[in-house]
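Note that full-length UniProt numbering numbers the sequence shown so that position 78 is 78, with each residue one more than the last. Worksheet: one structure, shown below.
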Amino acid sequence: MSSSKILEVTLISCEGLTISRKKSLKRNARGVIRVPPSMEVFSTNLDKEGGAHPRWNEKFTMEMPPRAAGFDVEVCDGFGKVIGAARVPATDFSSGVLPDGHLNFLSYRLRERSGKFNGVVNVSVRVVKRKEEEGNGFGCGYVVGVPSRVVTGFPVFSGTN
Numbered sequence: 001m002s003s004s005k006i007l008e009v010t011l012i013s014c015e016g017l018t019i020s021r022k023k024s025l026k027r028n029a030r031g032v033i034r035v036p037p038s039m040e041v042f043s044t045n046l047d048k049e050g051g052a053h054p055r056w057n058e059k060f061t062m063e064m065p066p067r068a069a070g071f072d073v074e075v076c077d078g079f080g081k082v083i084g085a086a087r088v089p090a091t092d093f094s095s096g097v098l099p100d101g102h103l104n105f106l107s108y109r110l111r112e113r114s115g116k117f118n119g120v121v122n123v124s125v126r127v128v129k130r131k132e133e134e135g136n137g138f139g140c141g142y143v144v145g146v147p148s149r150v151v152t153g154f155p156v157f158s159g160t161n
């Protein structure tokens with residue numbers, strides 16, 4: 001049984017953003033989240049004062065498909081040009097070690113298109129809940145709701161008719 005996840009993602013801030021590896025970003029940075037495979041896009045407002053260290057603290061609620069490997073975070077300048085990007089792997093916040101509802105604070109190095117590092121992005125991620133999909137793929141069984149988890153039951157047959 002597969003389950004999509006409802007995530008609460010907060011784009012907190014960035015540190016050390018540069019333009020052309022020599023000049024610090026002066027202003028107007030925007031954070032963008034892309035959720036594959038649908039490529040649903042969530043975007044922050046422009047930070048007009050933070051320069052090389054923009055702060056957004058903007059929270060987004062999104063659904064992540066069952067087999068998604070994670071989501072992408074991009075930081076763009078005021079013209080929409082990507083300054084740096086990072087992939088946030090699903091295993092960092094949903095590996096089964098921590099319970100749903102746990103708030104994870106994560107930092108990732110941003111990379112330019114050329115592959116060079118360009119700053120750090122800070123995010124928080126919480127798995128708010130999982131949306132269970134009905135059925136077990138075999139055409140039998142039923143789903144019983146139990147607080148905080150789902151149990152799949154199968155009919156038990158005896159050897160006699």
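Glycine included, each C-beta is placed from N, C-alpha and C at the ideal position. Note that the structure is a prediction, hence the values are computed from the model and not measured.
Check                                                                                                                                                                        : Outcome
Just curious, the beta strand (DSSP E) that Leu-11 is in, first and last residue?                                                                                            : 3-15
Assess, as a yes-or-no matter, whether the stretch 101-113 is touched by the stretch 30-44 under the definition of 3 or more beta carbon pairs within less than 8 angstroms. : no
Go to Asn-104, then tell me how far its beta strand (DSSP E) extends in each direction, as first and last residue.                                                           : 103-111
Can you tell which of Ser-95, Asn-28 and Leu-110 has its C-alpha closest to the C-alpha of Pro-54?                                                                           : Asn-28
With a 10 Å radius around its C-beta and 16 neighbouring C-beta atoms as the bar for buried, classify Arg-30 as buried or exposed.                                           : buried
Going by other Cβ atoms of all chains shown within 10 Å of its Cβ, with 16 needed for buried, is Asn-118 buried or exposed?                                                  : buried
Once the 5 residues before and after Ser-13 are set aside, which same chain residues still bring their CB inside 6 angstroms of it?                                          : Arg-55 and Asn-122
Taking Val-127 as the reference, which of Ser-94, Leu-106 and Arg-109 has the closest Cα?                                                                                    : Ser-94
What residues in its chain sit with their C-beta under 8 angstroms from that of Phe-75, if we drop five residues either side in the sequence?                                : The sequence given here has Val at residue 75, not Phe. So the qualifying residues of the chain are Cys-14, Leu-17, Ala-29, Arg-30, Gly-31, Val-32, Pro-54, Val-82, Ile-83, Gly-84, Ala-85, Leu-110, Gly-119 and Val-121.
Does DSSP classify Thr-44 as helix, strand or coil?                                                                                                                          : coil
Taking the alpha-carbon positions, what's the Gly-115 to Ser-20 distance?                                                                                                    : 13 angstroms
Give the single residue among Pro-65, Met-64, Ser-24 and Asp-72 whose Cα lies nearest to the Cα of Glu-49.                                                                   : Ser-24
Excluding the 5 residues flanking Ile-6 on each side, which residues of the same chain have their C-beta closer than 7 angstroms to its C-beta?                              : Thr-61, Glu-63, Val-128, Lys-129 and Lys-131
Within a Cβ cutoff of 8 angstroms, which residues of the same chain sit near Asn-58, ignoring the five residues on either side of it in sequence?                            : Inspection of the sequence shows that residue 58 is occupied by Glu rather than by Asn. Taken in chain order, the residues that qualify are Thr-10, Leu-11, Gly-31, Thr-44 and Asn-45.
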